[in-house]
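As given, the protein sequences belong to chains R and G, one line each in that order. For the first sequence, position 116 (counting from the first letter as 1) is numbered 127 according to our numbering, and the numbering increases by one without interruption. For the second sequence, position 213 (counting from the first letter as 1) is numbered 224 according to our numbering, and the numbering increases by one without interruption.
Number of protein chains: 2
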Amino acid sequence: MTNDRRITIRDVAEASGHAVSTVSNALADKRHVNEETRKHIQEIAKTLGYRPSTIARALRMQTSSTIGVLVADVANPASPEFIRGIDDVAQREGCNILLCNTDGDERRQIGQMQALLDRRVDGMILLSQHTESPEIRKLLDATGSFVLVQRRSHRFRDDYVGSDNMQGTRDSMNYLDSLGHRRIGFVTGPQQSSTAMERLEAYEQLVSELGLDADPELVFQGDYTIDSGIRAMHYFAGLSDRPTAIIASNDVNAIGLQDAAVELGLRIPEDFSLLGCDDIEIASLRRIDLTTLRLPKREMGAGAAELLIRRIRTKKTGTPREVIFPTHLTIRGSCAAPRR
Amino acid sequence: MTNDRRITIRDVAEASGHAVSTVSNALADKRHVNEETRKHIQEIAKTLGYRPSTIARALRMQTSSTIGVLVADVANPASPEFIRGIDDVAQREGCNILLCNTDGDERRQIGQMQALLDRRVDGMILLSQHTESPEIRKLLDATGSFVLVQRRSHRFRDDYVGSDNMQGTRDSMNYLDSLGHRRIGFVTGPQQSSTAMERLEAYEQLVSELGLDADPELVFQGDYTIDSGIRAMHYFAGLSDRPTAIIASNDVNAIGLQDAAVELGLRIPEDFSLLGCDDIEIASLRRIDLTTLRLPKREMGAGAAELLIRRIRTKKTGTPREVIFPTHLTIRGSCAAPRR
DNA sequence: CGGGCGTCAAGAAACGTTTTCTAAAAAACG
DNA sequence: CGTTTTTTAGAAAACGTTTCTTGACGCCCG
């Protein structure tokens, strides 16, 4: 509107009668610069409302104090919690985050990563992203510092933050077993998802350990969407020998199962016990009332950010670290003893 | 890991035996540069895997091709839909978006806006943000181009994208009136929210037009959270002369009302008809089954982005534009004729 | 045949910082 | 009092681009 040009360090220099370099040093509180002139310069800078250009600084310092965050699905209620955790520590460490939504689409993810690299982010956090293909791998290499969350590579060893899928699945299975279920359906996530695979493996192991029905029919290949839950419920309901309990791939998926159950005139937990994963906010609603495996999402986000920042600061020294968070079975009303 | 230094335009210049400026022109497909050398340079650039630094470019061009998006609450299921709309057109126009979560907190918003300015974004889109205080106003001025969404200033005239609150409220009220409700409760959003105030005004006008009970007791001062919905339901249930229907501030709020109703042993729609606003995904779940006013969120996001980009391109010429989207009453099972 | 013009390419300046290097003044030291 | 060291401040280079200016060359036209 009024005066368009941003005021630069140069303006401060002229106004204070000092050199640009002196101003820079004075404002950064570095070097040997006389206390008096420092005060003076800081005064001037303040009254002028000077704000250094992040861009110019990034160009000069070759570091942007920015970290890229790639999330598979912002619309999933679990995502904002992770992001919040990341943001908390990023803020604290003086970093900004650049948030990208990939929709779980690899092409899109590549585009986003490329854009982040062009923007010279200091590092990336990848929530449930693709990690294997050579193209992705090349981009990760170029990134230097990155942390994977909830999906790790089986071929490469990276910094990783995840949940204890063995323990979580064990808790879930033990609980259903203790209620008397012998036939437990399982909706598994995408095959590229290491978390999904680990849980599936744990499920199979527990089925064997507990001597439950081991039937490939009981595993439904799904993903993390409501739609997939709806399909899964139609599938399980159509089986001649139905399971009495179902473990969903996550809460959103469980809600789909639940919804389809209502549609089919089936009741939860009477006809099916239902067990989710994540513990999103609405899982606790009385109309939903979902027993679920709670993930400490905010803590995991914070953990990922801390891991990343350490990695950035120590400049890729040291072997990859993995941080695994415990889960907590949160019991609500969607599970009961089988009637059959 | 291997070779850390990024390859620059200079590397391309040397490799191709041309000057930096020529390379720049060749890659930008601009100016007069021989078709042959252009091909040659583009070839070299490709094999070298050259990618221009967004940062350097931004510094030189004084424009970052980045737009800041401030959202009050990423966790609200409606937010990602707006964002998606914004992202769609931003992507198409070659812009990246910088997403910030403000929690509806003014201090936080100021900090985020400051950071965006330091980053020299070309413009901002503010979803339900503070717009009035002098401090915010100064930052908006400095931003140059910005678009408000769902919350406008009553003192300033800005580019704005919103929904037709009069028409929407009219549709809702007419619908409840046609079902036979004479006493309609209303949860209003925060007083700083222009949308909330417009709806409240519309509500009052409609109450008068339709000759319904006009009782200040029927208006509950809430906000857009589940918690506020819970409090509202306790409030309405505690009235000696209860309403027979309640209009929530939005869907998330309605879900809170619904949940508290279950807690209090009240049934919806038998004891209370309930009407939301937004039409978030879970509103259509059979367990929720919420009649609600649908907002075209994705379209609104896209509209905001288009408005902003036009504003940026035409460099703040022209009077402020307002784009108002119509709403659509989506009838599900949470409303019925009153029993009393 | 000389001047103007069009085409192409190179050179140099600029964007706003930080940092390195240099210079001057002040202080310390013998 | 001269020399060295320390403190302070300024000049200049650099980060990686784009764009403005300059220059060389060939061609057309009077």
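Even for Gly, the Cβ is constructed at its ideal location relative to N, Cα and C. Bear in mind that the values here come from a model prediction, so they are computed numbers and not experimental data.
Is residue j closer than 7 angstroms to residue i when the C-beta atoms are compared?
i	j	result
Thr302/R	Asp175/R	no
Gly276/G	Ile237/G	no
Val132/G	Ile94/G	no
Cys111/G	Leu150/G	no
Asp224/R	Arg181/R	no
Gly7/G	Ile323/G	Since the first residue shown for chain G is 12 and the last is 351, residue 7/G is missing from the structure and cannot be characterised.
Ile66/G	Ala101/R	no
His141/R	Glu117/R	yes
Gly196/G	Pro254/G	yes
Asp300/R	Ser251/R	no
Leu190/R	Ala348/R	yes
Leu221/G	Asp188/G	yes
Gly96/G	Ala313/G	yes
Val34/G	Ala24/G	yes
Asp270/G	Ile291/G	no
Asp170/R	Val158/R	yes
Ile121/R	Ala315/R	no
Asn264/G	Ser239/G	yes
Arg49/G	Ala37/G	yes
Arg352/G	Asp129/R	With chain G represented from 12 up to 351, any question about residue 352/G goes unanswered, as that position is not in the structure.
If residue i sits next to residue j, beta carbons under 8 angstroms apart, how far is it from one beta carbon to the other, in whole angstroms?
i	j	result
Thr199/G	Gly173/G	Actually they are not in contact, since the Cβ atoms of Thr199/G and Gly173/G sit about 16 angstroms apart, beyond 8 angstroms.
Val183/G	Leu340/G	For the sequence presented, residue 183/G should be read as Ser rather than Val. 6 angstroms between Cβ atoms; contact.
Arg162/G	Thr113/G	Actually they do not touch by this definition, with Cβ atoms about 12 angstroms apart.
Phe231/G	Tyr214/G	Actually they do not touch by this definition, with Cβ atoms about 12 angstroms apart.
The alpha helix (DSSP H) spanning residue i covers which residue range?
i	result
Gly122/R	Glu117 to Asp129
Tyr214/R	Ser205 to Leu221
Thr58/G	Glu46 to Leu59
Leu70/G	Thr65 to Met72
Gly134/R	Segment Gly134 to Leu138 is the beta strand (DSSP E) holding Gly134/R; no alpha helix (DSSP H) there.
Ala39/R	Val31 to Ala39
Ile20/R	Ile20 to Ser27
Leu250/R	Per DSSP, Leu250/R belongs to no alpha helix (DSSP H) and is neither H nor E.
Going by DSSP in three states, residue i sits in which element: helix, strand or coil?
i	result
Arg181/R	helix
Asn107/G	strand
Ile147/R	helix
His339/G	strand
Asn112/G	strand
Asp152/R	helix
Glu281/G	coil
Asp289/G	strand
Val85/G	coil
Ser174/G	strand
Phe167/R	coil
Gly240/G	helix
His199/G	One detail in the question is off: residue 199/G reads as Thr in this sequence, not His. In this structure, Thr199/G counts as strand in the three-state DSSP scheme.
Leu229/G	helix
Ala316/R	helix
Gly79/G	strand
Leu159/R	strand
Ile258/G	strand
With burial defined as no fewer than 16 other Cβ atoms inside 10 Å of the residue's Cβ, what is the status of residue i: buried or exposed?
i	result
Phe167/G	exposed
Pro88/G	buried
Thr328/R	exposed
Arg16/G	exposed
Pro227/R	exposed
Gly60/G	exposed
Arg210/R	buried
Met311/R	buried
His29/R	buried
Ser90/G	buried
Lys308/R	buried
Arg350/R	exposed
Gln73/R	exposed
Asn45/G	exposed
Asp40/R	exposed
Ile342/R	exposed
Gly179/R	buried
Gln123/G	buried
Check for me: the beta strand (DSSP E) holding residue i runs from which residue to which?
i	result
Thr303/G	Thr302 to Arg305
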